[in-house]
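Step one of this worksheet: look at the structure below.
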Amino acid sequence: MTTRSETRTALDHLLTEIEHRNPAQPEFHQAAHEVLETLAPVIAARPEYAEPGLIERLVEPERQVIFRVPWQDDQGRVHVNRGFRVEFNSALGPYKGGLRFHSSVNLGVIKFLGFEQIFKNALTGLGIGGGKGGSDFDPHGRSDAEVMRFCQSFMTELYRHIGEHTDVPAGDIGVGGREIGYLFGQYRRITNRWEAGVLTGKGQGWGGSLIRPEATGYGNVLFAAAMMRERGEDLEGQTAVVSGSGNVAIYTIEKLAALGANAVTCSDSSGYVVDEKGIDLDLLKQIKEVERGRVDAYADRRGASARFVPGGRVWDVPADIALPSATQNELNEADAETLIRNGVKAVSEGANMPATPEAVHLLQKAGVAFGPGKAANAGGVAVSALEMAQNHARTSWTAARVEEELTHIMNDIHTTCHETAERYDAPGDYVTGANIAGFERVADAMLAQGVI
């Protein structure tokens, strides 16, 4: 049997090879390192996982598609963006993962997101593989007509690579209900098929699921609540800091309020708002979802209880619970030190990899309960899979049923991560538990299906 030391050395060599084969992709390197550094115990304990080529296949996407996306703005000027779809692993089911439209998107970002998606989707237990896509197009400030033309051009290429039994995209940063509608319309136009299961996050009147917009935020809070229960506490009366002000942040704040916690912050790229009375959700939704405005407008209209801090760090605000819900690497080591100093009890990732490795290690060392994104923010993809099930049956579930299913899934993910961490001598380490549990499910399927 291979020892843990020998296994760790082999994994270190593989990480070096990953960096060599994928230059200038720091986000992907970070994601691969975060997973692989926790796998030595399970590979040492189960020799079949040390089979030559298994891990090498896991870290190499099954397919990577990059394409040109030309489109015209309202003044007739032609713009050219770049589109991506990385279909990472389909051992458990069709590729599943969102589309991100943001100026920061590049191949390395999409690969990091797709790699994370493999394990996140495995943890749901719902039979979906991992993939991700997007474009460096930024919809902010663009008219509806411009967004429509971009989405139609994007789908004119993407449609060749997706399908309800092949690859099922959804939304992510910059891709909400408006964008999904335009993408679905173009897919239907090109294929001449009403294939509802090809995209999730659809409108509720044409194949979408209730609770899908809320699912990632709700799921993250449910995971945080489970971690608190494990510590003998609950969310009632706790103060929370939330970063971001998009879909995930809004519904994180909503679910916190429903469970008796008080979220006092939100943020965007311009800075953050702290509201001593707690975030007024109706006002935030009006500004962000209807007006597509900035969070400084919230402070202007909220009154004396709220103030806007331009360019500040939301993690400077003292709180019991922190829920990073904006973007990758937004919470660094200095932020973690501040949170610990202010007495934070739990940090749960609503975004994908929002805490840097240094921040994660510091929080864990300090005894803070830390919920990694591949577990804590799996609620969104879980309800996407439930949307696929409803589409397949040509039916629609009630909001109560969907939320009940979501609650059950998130509690199961927490239990799986907690028990797996204990099984591999890492009690309370949800990062190790999530990585190993997701890996075991995917690796078992890959072994069963042969070298492909």
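Numbering (this note's numbering), first residue to last: 1 to 452. Each residue gets a CB set at the ideal place from its N, CA and C atoms; glycine is no exception. These figures come from a predicted structure and were not determined experimentally.
The beta-carbon distance between G379 and A263, rounded to whole angstroms, is 17 Å. This is too long to meet the 8 Å contact definition. Q186 is the residue among Q186, A145 and R149 whose C-alpha sits nearest the C-alpha of Y159. Membership of T156 in the alpha helix (DSSP H) is indicated by the continuous run D144 to L158. Closest option to R394, judged by alpha-carbon separation, among G208, D234, L259 and L281: G208.
DSSP places V42 inside the alpha helix (DSSP H), whose first and last residues are A40 to A45. Using a Cβ distance threshold of 9 Å, L58 and M353 do not count as a contacting pair.
Between Y298 and D320, the C-beta gap is not smaller than 9 Å, which leaves the two residues out of contact. Only buried fits E34, as 16 or more other CB atoms lie within 10 angstroms of its CB. Spatial neighbours of L283 in its own chain (CB-CB distance under 7 Å, excluding positions within 5 residues in sequence) are listed in chain order as Y298, R301 and R302.
Residue pairing from DSSP leaves H20 without any beta-bridge partner. The beta carbons of M227 and S153 sit no closer together than 9 Å. R292 and Y272 have their alpha carbons spaced roughly 16 Å apart. The beta-carbon distance between G125 and D444, rounded to whole angstroms, is 13 Å. This is too long to meet the 8 Å contact definition. In the three-state scheme derived from DSSP, where H, G and I count as helix and E and B as strand, W71 is classed as strand.
Assigned with DSSP and collapsed to three states, L99 falls in strand.
Selection V78, L11, R63 and K120 evaluated against A434 yields K120 as nearest (Cα-Cα). For D296, the secondary structure class from DSSP, reduced to helix, strand or coil, is helix. Beta-bridge annotation (DSSP): V65 is paired with R85.
Taking E440 as the centre and dropping the five residues before and after it, the same chain places the C-beta of V42 closer than 7 Å to its C-beta, in chain order.
In this structure, DSSP gives I128 a state outside helix and strand, which the three-state scheme calls coil.
Assignment of beta-bridge partners to Y272 by DSSP yields S267 and V309. Take F112, set aside five residues on each side of it, and the residues of its chain with a beta-carbon closer than 6 Å to its own are E27, F28 and A31, in chain order. Beyond the five residues adjoining it in sequence on each side, A24 comes within less than 8 Å, by CB distance, of G108 in the same chain, given in chain order. If you look at I413, you'll find it in the alpha helix (DSSP H) that goes A399 to R423. Beta-bridge partners of D167 (DSSP): Y95 and G163.
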